[in-house]
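Colleague: Before I ask anything, here is the structure I am working with.
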Amino acid sequence: MRSDLNAYFYRSLTRNIITNQGITTMNKLITAIAMTSILVLTQACSEVATISNAEVPKPIVKDHHGDHANTNKHGEASHDDKKTSVDKINIAKAKLTTPLNMLPNTTVPLLIDVQNLNGTAIEKFEVFQEKLMHLIVVSDDLQFFEHLHPSYQHNGRFKVSANFPQAGKYTLFSDYKPAQSPEQISVLKTQVGGEIPSATPINFDHTKTFGTAQINLTSSQDHIKAGEKVTLTFDLKDPITNQPLTDVQTYLGEKGHLVIIKKSTPLTASDYIHAHALADDSTGKVTFATKFPKSGEYKLWGQFNRNGKIVTADFGIHVRD
73 MRSDLNAYFY RSLTRNIITN QGITTMNKLI TAIAMTSILV LTQACSEVAT ISNAEVPKPI
133 VKDHHGDHAN TNKHGEASHD DKKTSVDKIN IAKAKLTTPL NMLPNTTVPL LIDVQNLNGT
193 AIEKFEVFQE KLMHLIVVSD DLQFFEHLHP SYQHNGRFKV SANFPQAGKY TLFSDYKPAQ
253 SPEQISVLKT QVGGEIPSAT PINFDHTKTF GTAQINLTSS QDHIKAGEKV TLTFDLKDPI
313 TNQPLTDVQT YLGEKGHLVI IKKSTPLTAS DYIHAHALAD DSTGKVTFAT KFPKSGEYKL
373 WGQFNRNGKI VTADFGIHVR D
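Residue numbers for the sequence shown follow the working numbering, beginning at 73 and rising by one.
As structure tokens, then:
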């Protein structure tokens, strides 16, 4: 009888030990799986940063060619050449997704998702100036400029690669046209890590050499005033012969493009102007008509096509009240 009881207690104790060990092992396994899931999720979430466009949608002003143009900026017949601007209501917004912890001089992917004001992806876009989207990237100190053309993926998403040359804050002006809607501008923000360089003042020289092109900038006003229409002429010459360049070709459907940004903190949509070349057959000269909405310091980037190579010419301008 004692032998039978001892055997019984021995079997019960063994079952309890085995059971407890199984529970302990199972608990360890569950904990390990949970920690692995958290780690994977954390790594996935740390790869990108999504930033909505920084400004509340509001009316924006679109620049036209002015009195001397026969067509508007989209190449359509102008019904009123004297009408220099028209208000457009924003009907879209954009979100920028970038890798986290971006470093200077590193090529990175940028994703831009375009939605209506209710948050639904916009599916269809119209080509304007030969592209579905124009993306102007500037450093907030206005020392860096790039004009990119993101490719359309699907479901309102555009993708492009970019390289930021220095640490600091950057502003991206995304210009696009949803189908059967006005042209839109979304202002996006991002930042690149590292030591931010010292601020460099704007250069106000009006004659500069860019590679094999010497360019002189002149205006129709000796002193440009805010709110008044002005024409800006880029005179492109060979720096050696001083003769007008004869190989300037169309770029994105026009003789040249001009981006103007007011020096401001922070940069906003009201600081951005995208002007377009007037119809002009003068050899080596490209003229733009525009208005500067406020007084202050402005940076200009004119872009011209020389046999397939884009020349970007930057200048500074003072605008008075």
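Backbone N, C-alpha and C define an ideal beta-carbon position, used for all residues, glycine too.
Name the two residues that bound the continuous beta strand (DSSP E) containing Ser233.
Modeller: That run of the beta strand (DSSP E) goes Arg229 to Asn235.
Colleague: Quick one: grab the DSSP three-state call for Ala341.
Modeller: Of the three classes helix, strand and coil, the one that applies to Ala341 here is helix, per DSSP.
Colleague: Out of Phe197, Gly191 and Arg392, which one is the CA nearest neighbour of Pro254?
Modeller: It is Phe197 whose Cα lies nearest to the Cα of Pro254.
Colleague: Would you call the region 360-372 and the region 292-312 touching, i.e. three or more CB-CB distances under 8 Å?
Modeller: Yes, the region 360-372 is in contact with the region 292-312.
Colleague: Going by other Cβ atoms of all chains shown within 10 Å of its Cβ, with 16 needed for buried, is Ile312 buried or exposed?
Modeller: It counts as exposed.
Colleague: How many angstroms separate the CA atom of Lys203 from the CA atom of Pro273?
Modeller: Roughly 33 Å separates the two Cα atoms.
Colleague: Leaving out the 5 sequence neighbours to the left and right, which residues in its chain are closer than 6 Å to Gln395 when beta-carbon positions are compared?
Modeller: With the chain running from 73 to 393 in the structure shown, residue 395 is simply not present.
Colleague: Do the region 304-322 and the region 223-243 make contact, defined as three or more Cβ pairs closer than 8 Å?
Modeller: No, they do not touch.
Colleague: Out of curiosity, what's the CA-to-CA distance linking Lys301 and Asn275?
Modeller: Approximately 23 Å, taken between the alpha carbons.
Colleague: Indicate the three-state DSSP secondary structure (helix, strand or coil) for Asn177 in the structure shown.
Modeller: Asn177 falls in the coil class under three-state DSSP.
Colleague: Given a cut-off of 7 Å, decide if Pro269 and Asn177 are closer than it, judged by their beta-carbon atoms.
Modeller: No, the Cβ-Cβ distance between Asn177 and Pro269 is not below 7 Å.
Colleague: What is the C-beta distance between Leu260 and Leu339, in whole angstroms, given that I count them as a contact (C-beta under 8 Å)?
Modeller: About 11 Å separates the two Cβ atoms, so there is no contact after all.
Colleague: Distance check for Gln286 and Lys309, CA to CA, integer angstroms please.
Modeller: So the alpha carbons of these two residues sit roughly 5 Å apart.
Colleague: In the DSSP assignment, find the beta strand (DSSP E) that holds Leu220 and state where it starts and stops.
Modeller: Its beta strand (DSSP E) spans residues Phe217 to Leu220.
Colleague: Between the alpha carbons of Asn377 and Lys327, how many angstroms are there, rounded?
Modeller: Rounded to whole angstroms, Asn377 to Lys327 spans 8 Å at the Cα level.
Colleague: Rounded to whole angstroms, what is the Cα-Cα separation between Lys334 and Asp212?
Modeller: Taking the straight line joining both Cα atoms gives about 10 Å.
Colleague: Given that a residue counts as buried once 16 or more other Cβ atoms are within 10 Å of its Cβ, and exposed if not, what is Gly240?
Modeller: It is buried - the Cβ of Gly240 has at least 16 other Cβ atoms within 10 Å.
Colleague: From this set, Phe217, Gln256 and Leu172, which residue's C-alpha is nearest Leu189's C-alpha?
Modeller: Out of Phe217, Gln256 and Leu172, Gln256 has the C-alpha closest to the C-alpha of Leu189.
Colleague: Could you pull out every residue in the same chain whose Cβ sits closer than 7 Å to the Cβ of Phe245, ignoring the five residues on either side in sequence?
Modeller: Around Phe245: Ile208, Ile257, Val259 and Tyr344.
Colleague: If you measure between the beta carbons of Val358 and Ala349, is that distance less than 7 Å?
Modeller: Result yes, Cβ atoms of Val358 and Ala349 sit closer than 7 Å.
Colleague: Spatial neighbours of Thr337 within its chain, please: C-beta separation below 8 Å, excluding the five flanking residues on both sides.
Modeller: Contacts found: Asp212.
Colleague: Taking 6 Å as the limit between beta carbons, can you name the residues of its chain near Asp247, skipping five residues before and five after?
Modeller: Within the same chain, Asp247 has close Cβ partners His206 and Ile257.
Colleague: Tell me the DSSP bridge mates of Lys196?
Modeller: Partner(s): none; Lys196 has no beta bridge.
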